[in-house]
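Here's the structure, in structure tokens; my notes come after.
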């Protein structure tokens, strides 16, 4: 694979390469980890809504859309990365992806929309997962799931239960559900 490209691994756009710009802390979720996560979520996300809080390369957003998610909201702070995400959306004609420039934490505080799946894989150095966890709980639909990824997983508040977790190299990741929901 070429530098600054990510490959979609499943669904209707399987094997398509998408470009992304250099960016501070921009680190696409690896093929191996994405394959595991989408095995956990189910290969087909037909009709589900997804929120990608730190879209970056767009790997998780485009993977979810490729697997028939009805709606994907991709949040990204960097203007150059937003431009590339929009180009990739146009290339794939992925109209179900809404690319929203802005700060993920601020968006979570202001939004009232709820999602079936939320992806949270912020830049490792930013240490944003502890701030995301309480805000994301309110943005999940009943029985919704939150995917988190970081160099180390944070202490989880009592409101979260780990459904599955893994580690690949220096990346730790987990699929969470609110504790008040049936497993």
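Numbering (this note's numbering), first residue to last: 217 to 399.
Using N, Cα and C, we set each Cβ at its ideal position, and we do this for glycine too.
Practice item. For residue 395, count neighbouring Cβ atoms within 10 angstroms of its own Cβ and tell me buried if that reaches 16, exposed if not. Key: Numbered from its first residue, the chain shown carries residue 395 at position 179. When all chains shown are included, residue 395 counts as exposed.
Review point. Does the separation of the CB atoms of residue 224 and residue 277 fall below 8 Å?
Key: Numbered from its first residue, the chain shown carries residue 224 at position 8. Numbered from its first residue, the chain shown carries residue 277 at position 61. Pairing residue 224 with residue 277 gives a Cβ-Cβ distance that is not under 8 Å.
Check your understanding: Taking the runs of the beta strand (DSSP E) that are 3 residues or longer, which of them lie wholly in the region 334–382?
Key -> Complete beta strand (DSSP E) runs here, min 3: 356–366.
**Study point:** Close Cβ partners of residue 302 (< 7 Å) along its chain, the five nearest in sequence each way excluded
**Key:** Indexing the chain shown from 1 puts residue 302 at position 86. 315, listed in sequence order.
Check your understanding: Along the chain, where does the beta strand (DSSP E) that runs through residue 388 open and close?
Key -> The count along the chain shown starts at 1 and reaches residue 388 at position 172. 387–394 is the extent of the beta strand (DSSP E) around residue 388.
Check your understanding: In terms of residues, what are the limits of the alpha helix (DSSP H) holding residue 329?
Key -> Translated into the one-based positions of the chain shown, residue 329 becomes position 113. Careful: residue 329 lies outside any alpha helix (DSSP H) and carries neither H nor E.
Review point. Mind checking residue 230: buried by the 16 CB within 10 Å criterion, or exposed?
Key: What you label residue 230 is simply residue 14 of the chain shown in a count that begins at 1. Exposed, by the Cβ-count rule.
Check your understanding: Hey, residue 274 and residue 234: beta-carbon distance below 8 Å or not?
Key -> Taking the chain shown and counting its residues from 1, one reaches residue 274 at position 58. Taking the chain shown and counting its residues from 1, one reaches residue 234 at position 18. Yes, they are a contact pair.
Check your understanding: Are the region 281–296 and the region 345–355 touching, with three or more C-beta to C-beta distances below 8 Å?
Key -> Too few Cβ pairs lie closer than 8 Å, so no.
Point to revise | Alpha-carbon spacing of residue 383 relative to residue 360, whole angstroms | key: If you number the chain shown from 1, residue 383 lands on position 167. If you number the chain shown from 1, residue 360 lands on position 144. A direct Cα-Cα distance of roughly 22 Å separates residue 383 from residue 360.
Exercise for review: Compare the beta carbon distance of residue 267 and residue 253 with 8 Å and say whether it is the shorter of the two.
Suggested key: The residue given as residue 267 occupies position 51 in the chain shown. The residue given as residue 253 occupies position 37 in the chain shown. Against a cut-off of 8 Å, the Cβ pair of residue 253 and residue 267 comes out as no contact.
Check your understanding: So what does DSSP say about residue 284, is it helix, strand or coil?
Key -> The residue you call residue 284 lines up with position 68 of the chain shown. Collapsing the DSSP output to three states places residue 284 in coil.
**Study point:** Straight-line gap, residue 374 to residue 246 (C-alpha atoms, nearest Å)
**Key:** Position 158 of the chain shown, counted from the first residue, corresponds to residue 374. Position 30 of the chain shown, counted from the first residue, corresponds to residue 246. When rounded, the separation of the alpha-carbon atoms in residue 374 and residue 246 is 29 Å.
Point to revise | DSSP state of residue 271 mapped onto helix, strand, coil | key: To locate residue 271, count along the chain shown from 1; it is residue 55. In the structure shown, residue 271 sits in coil (DSSP, three-state: anything other than H, G, I, E or B).
**Study point:** Cutoff 6 Å; reference residue 227; Cβ partners in own chain excluding five residues on either side
**Key:** As a first step, residue 227 is located in the chain shown; it is residue number 11 there, counting from the start. Residues 282, 283 of the same chain have their beta carbon placed closer than 6 Å to that of residue 227, with the five preceding and five following residues left out of the count.
Point to revise | Contact check, residue 270 vs residue 347, beta carbons under 8 Å | key: Within the chain shown, the letter at position 54 stands for residue 270. Within the chain shown, the letter at position 131 stands for residue 347. No, the pair does not count as a contact, with Cβ atoms beyond the cut-off.
Practice item. Could you tell me the boundaries of the alpha helix (DSSP H) in which residue 314 lies? Key: Residue 314 sits at position 98 when you count from the first residue of the chain shown. For residue 314, no alpha helix (DSSP H) segment is defined; the enclosing uninterrupted segment is the beta strand (DSSP E) at 313–317.
Point to revise | Range of the contiguous alpha helix (DSSP H) that encloses residue 301 | key: Translated into the one-based positions of the chain shown, residue 301 becomes position 85. It spans 295–308 - the alpha helix (DSSP H) in which residue 301 sits, taken as one unbroken run.
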